Amino acid sequence: MKTDLLQFVDSGGCSSKISPKKLEEIIKFLPVPDDPDILVNIETHDDAGVYRINDELALVFTTDFFPPLCSDPYEFGQIAAANSISDIYAMGGDPVLALNLMMFPSDKLPMDAYAAILKGGYDKASEAGVRIIGGHTIDDPVPKYGMAVIGYVHPGKIVTNAGAKPGDLVIITKPVGTGIILAGLKLGIASASEAANAMESMKDLNGKATLIMKKYDIRGATDITGYGLSGHLLKMAKASNVSISVDLKRVPLFPGVRRLAETGCIPGASFRNLDYAENDILFDNEPDYDMKMIAFDAQTSGGLVISVPEEKSEKLLGDLLASGLPYSSVIGRVSEKKSKYLILQG
């Protein structure tokens with residue numbers, strides 16, 4: 048009998064993240080360690096932490112796990128691993144080692160389903176050059192899987208969400224809309240081809256984009272995951288103390304996203320993300336409701352958004368397109384700080 052992981056979850060992938068507003072309320076009570084070798088910490092809500100070992104080497108640390116977002120165990124393992132490793136790539140790092148994090152109801156699913164999840168994670172990690180050297184398991188009613196990942200980066204070449212500069216152009220490397228597609232899949236209203244496009248993208252590592260980003264000595268980027276395109280760009284704008292303007296008409300979408308949004312297929316995470324961000328956003332030229340909500344759609348294993356000096360943007364974009372990232376697009380521009388951190392243009 049084929050295992051269907053979706054029978055165990057209400058919300059899977061990065062849509063299951065705690066709301067960004069609640070997260071900020073929690074972490075404000077955490078003290079920030081006073082250590083000059085901690086180069087990136089929780090202050091800027093970046094993709095990973097970075098610790099300097101010496102003048103030539105720093106370690107990048109991250110962890111990510113979530114409930115299933117698809118029925119197939121092997122595919123779930125691949126996507127969860129790609130999503131976990133992405134944070135290392137977003138910091139300009141080279142992922143090296145990982146630990147498995149796995150929670151599952153041991154009496155409700157066959158062991159071969161869990162083996163398939165781990166095999167999917169192993170295969171995707173191997174594709175990234177990552178070695179899995181251990182892990183931890185918990186008996187839990189809802190399956191969850193992900194990884195803690197360590198990577199290397201040169202201390203002087205870290206890419207952070209605080210690196211956006213006025214005059215930069217903003218480039219995205221993958222389409223937007225995985226949360227809406229996944230919701231449509233669970234409701235039975237997303238087509239097989241629409242779901243397949245999103246699944247393939249979520250399994251695609253961000254390593255190619257990072258190699259190109261490093262080629263052009265980029266210092267500002269983040270990956271788009273649970274807080275949506277708007278939420279992560281807002282965090283970048285705040286960390287960089289700039290404003291970012293986005294032309295929503297230029298944001299690439301997965302096939303079917305518009306259609307599904309127009310039918311009301313908008314996950315709850317989108318509303319949580321909007322609630323967190325809307326006070327810091329100017330909605331210019333009245334974006335239509337559906338596109339506005341798509342901009343807050345929680346992404347799983349989304350692409351990178353890269354803040355690129357304008358003089359480098361044409362060549363960098365050309366390299367992204369030539370590398371097999373056909374949706375790569377310029378979607379916005381960075382400016383000096385204005386009254387709002389993020390401007391979404393309809």
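Counting from 1 along the sequence shown, just add 47 to a position and that's the residue number in our numbering.
Here a beta-carbon is modelled for each residue, glycine too, at the ideal position from N, C-alpha and C.
Quick caveat: nothing in here was measured; it's all calculated off a predicted structure.
Just curious, the alpha helix (DSSP H) that residue i is in, first and last residue?
i    : result
K296 : From DSSP, K296 is part of no alpha helix (DSSP H); its letter is neither H nor E.
T310 : Here T310 belongs to no alpha helix (DSSP H), and DSSP marks it neither H nor E.
Q125 : P120 to A137
F318 : G315 to A324
D159 : M158 to E174
G275 : G275 to S287
Nearest to residue i by alpha carbon, out of the options?
i    : options                   : result
G278 : L389, G224, K359 and P373 : L389
G226 : G267, I132 and S248       : S248
S360 : T207, I219 and L156       : I219
D111 : Q54, I65 and R266         : I65
T207 : D270, N244 and V56        : D270
A256 : S375, S317 and D57        : S375
G392 : Y336, L229 and K362       : One point to set straight first is that residue 392 is Gln, not Gly, in the sequence displayed. Among Y336, L229 and K362, the Cα nearest to that of Q392 belongs to Y336.
L300 : A239, M260, P373 and I291 : P373
Alpha carbon to alpha carbon, how far is residue j from residue i? Give it in angstroms, no decimals.
i    : j    : result
G59  : L116 : 4 Å
R297 : G350 : 15 Å
A162 : F108 : 26 Å
I286 : A95  : The residue you asked about is not Ile; residue 286 is Ala in the sequence shown. Between A286 and A95, the C-alpha separation is close to 14 Å.
I135 : D141 : 7 Å
D180 : A145 : First, the amino acid is wrong: residue 180 is Ile here, not Asp. Cα-Cα distance, rounded: 6 Å.
F55  : K49  : 14 Å
L364 : K221 : 12 Å
S290 : K204 : 23 Å
Mind checking which residues open and close the beta strand (DSSP E) that includes residue i?
i    : result
P67  : It is not in any beta strand (DSSP E) - P67 instead sits in the alpha helix (DSSP H) that spans P67 to I74.
A145 : D141 to F151
E383 : S376 to E383
Y98  : G96 to R99
T269 : G267 to D270
F330 : I328 to D331
What I want to know is whether the C-beta of residue i ends up closer than 6 Å to one or more non-hydrogen atoms of the ligand NAP.
i    : result
F330 : As for the ligand NAP, it is missing from this structure, which has no ligand bound.
Item to check | Any 3 or more C-beta pairs closer than 8 Å across the segment 181–199 and the segment 145–159 | outcome: At 8 Å Cβ cutoff, the stretches touch.
(Q) Using 8 Å as the cut-off, can you tell me whether the segment 123–136 makes contact with the segment 168–183, which would need three or more C-beta pairs spanning the two stretches below that distance? (A) With contact defined as three or more Cβ pairs closer than 8 Å, the segment 123–136 and the segment 168–183 are in contact.
* Asked: Could you give the uninterrupted runs of the alpha helix (DSSP H) lying entirely in the segment 340–366, keeping only those of 4 residues or more?
  -> The DSSP assignment places no complete alpha helix (DSSP H) segment of no fewer than 4 residues inside the segment 340–366.
message: As an exercise, report each continuous beta strand (DSSP E) stretch of at least 3 residues that is fully enclosed by the segment 167–253, in chain order.
response: List check, beta strand (DSSP E) in window: 178–186, 191–200 and 216–219.
Can we say the segment 306–313 touches the segment 327–341, given the rule of at least three CB pairs closer than 8 Å?
Touching, yes.
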